[in-house]
């Protein structure tokens, strides 16, 4: 039986009216037309492919059912592009849930816009813009997966070449994955994963950016079981990365993982297998290693709420005015946060700062910095916490402040003219080492320690340099406001 694609009523699309006429013969396929392969195991599933060459084209596809596939190809001809594509895939009207649908959008040139909306489970969406054209710019891609409580195990991928592009993905409920790749300058990537009403977890999100002045944002929230993972890797200068994770589960097993690497892209994969870089290499040995292309003026933020979360942040810039900034905030128990700056590269790299703030019990914080004039600030409020730091170079500073009982500080510096400040309010202990052997004539170091009685109260002491120029405390992911890419369609 021939499948009826259009109903009896006319379908209005971009100013044109299409209507089904009874008794007409199947039209002859145009010369060179391509047969569209049915990607589904269901022989009656909907399939479709649209190909447009030139500028300012529009295509809109709506598929209702399961196991559907739609592909859209838009070439920019001799112009700049300016094409619009909208694909919507849903299930039966009464359930608004589609299953195992595939959607692809390929757009060449600049100023293109694409929206893919998939409702249901096990869907896949792919958007490519620029298409290996480094001269492309100002493209916009949006993928939305999930509706109601029928949304899990979806996959979304966006690839963009060129400058000033924007990519956004939004996935609800559990077990979904998102990947965004951007090559060029001034790009922005947003990945938001929300567990929704059933409060499950298990999402994965990755953002890879190569170029300068790029921004990446990841937001994973409302998970009950946690087990979300987020990774941002940026190569270039002046980039910014921000991650927010939240789980509401009470068990330490409900942990989220957050990882940021700014600098050489190979370092991210090399160090993810380390157990927090050997607990900061047992407090010292902030190695130099071989030089890798680094990052300057990078900004990285991680914020986690819940129990048993892990956050790792690597910034690999060795310029004499590197000025990279890392910030980690964790609220809850049994969390771990680690920052590594300038691990590989010139020991004269300078001007990096790291900020860590933890509220809860049984947390661990660690900072390792290689080079000169770095700053490390750690604040812990709770019991049974551990703060670790190690610095190698000159004119570095460590500031660690702990409130609560049974906390521990361990810090070490090798080099000259370094300073350590430790403030502990409660029954604490500390270990401080300076002038560690490194074959250099060292001196001019200083240590200041203040310990108050067990069960004491905050004396209101201000430990200097906590502003560190960049600290903002604002971790909200920018809102995902999407304009209508095809008004009047």
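Residue numbers (mature numbering (1 follows the signal peptide of the UniProt record, and there is no 0)): -19 to -1, 1 to 470. A virtual CB, placed ideally from N, CA and C, is assigned to each residue, including glycine.
- A straight line joining the alpha-carbon of residue 349 with that of residue 392 spans about 10 angstroms.
- Leaving aside the five residues that flank residue 189 on each side, the residues in its chain whose CB is nearer than 6 angstroms to its CB run, in chain order, 162, 214.
- Of 311, 334, 216, the smallest CA-CA separation from residue 342 is found for 311.
- Per DSSP, reduced to three states, the secondary structure at residue 324 is coil, with no helix or strand assignment.
- In terms of CA proximity to residue 404, 390 leads the group 365, 390, 396.
- By the beta-carbon neighbour count (other beta carbons within 10 angstroms, threshold 16), residue 410 is exposed.
- By a beta-carbon distance limit of 8 angstroms, residue 344 contacts residue 315. Their separation comes to about 7 angstroms.
- Taking residue 175 as reference, the option from 156, 191, 110, 187 with the minimal CA-CA separation is 156.
- The straight-line gap separating the alpha-carbon atoms of residue 56 and residue 63 is approximately 10 angstroms.
- Sorting 417, 407, 424, 412 by C-alpha distance to the C-alpha of residue 432 places 407 at the top.
- Of the other Cβ atoms in all chains shown, 16 or more fall within 10 Å of the Cβ of residue 144; this residue is therefore buried.
- In this structure, DSSP gives residue 288 a state outside helix and strand, which the three-state scheme calls coil.
- Secondary structure note for residue 89: its beta strand (DSSP E) is the uninterrupted segment 83 to 89.
- Residue 162 sits in a strand when the DSSP states are folded into three classes.
- Here residue 28 is not near residue 48, since their CB atoms are 7 angstroms or more apart.
- Counting along the chain, residue 358 sits inside the beta strand (DSSP E) bounded by residues 356 to 362.
- Separation of residue 164 and residue 320 (C-alpha to C-alpha, rounded to the nearest whole angstrom) is 26 angstroms.
- With 16 or more other Cβ atoms from the protein chains shown falling within 10 Å of its own Cβ, residue 91 counts as buried.
- Rounded to the nearest angstrom, the Cβ distance from residue 355 to residue 377 is 5 angstroms, consistent with a contact under 8 angstroms.
- Of the residues assessed, residue 427 falls on the exposed side of the cut-off, its CB having fewer than 16 other CB atoms within 10 angstroms.
- In this structure, the beta-carbon distance from residue 66 to residue 45 does not fall below 7 angstroms.
- Beyond the five residues adjoining it in sequence on each side, residue 138 comes within less than 6 angstroms, by CB distance, of 107, 160 in the same chain, given in chain order.
- Non-local beta-carbon contacts of residue 338 in its own chain, meaning distances under 6 angstroms to residues more than five positions away in sequence, involve 310, 360 in chain order.
- Less than 7 angstroms divides the Cβ of residue 351 from the Cβ of residue 323.
- The C-beta of residue 412 has fewer than 16 other C-beta atoms within 10 Å across all chains shown, which makes the residue exposed.
- Out of 385, 293, 358, the CA that lies nearest to the CA of residue 402 is found in 358.
- Beta-bridge analysis with DSSP links residue 29 to 51.
- Taking residue 236 as reference, the option from 414, 292, 31, 424 with the minimal CA-CA separation is 292.
- Comparing alpha-carbon positions, the option among 136, 37, 284 lying closest to residue 81 turns out to be 136.
- About 5 angstroms separates the Cβ atoms of residue 294 and residue 307, confirming a contact at the 8 angstroms cut-off.
- Between residue 223 and residue 239, the beta carbon gap of about 10 angstroms keeps them out of contact (Cβ cut-off 8 angstroms).
- Listed in chain order, the non-local C-beta contacts of residue 417 below 8 angstroms within the same chain comprise 265, 393, 394, 395, local neighbours out to five positions each way being set aside.
- Counting other Cβ atoms within 10 Å of its Cβ, residue 34 stays below 16 and is therefore classed as exposed.
- Partner residues in a beta bridge of residue 304, as assigned by DSSP, do not exist.
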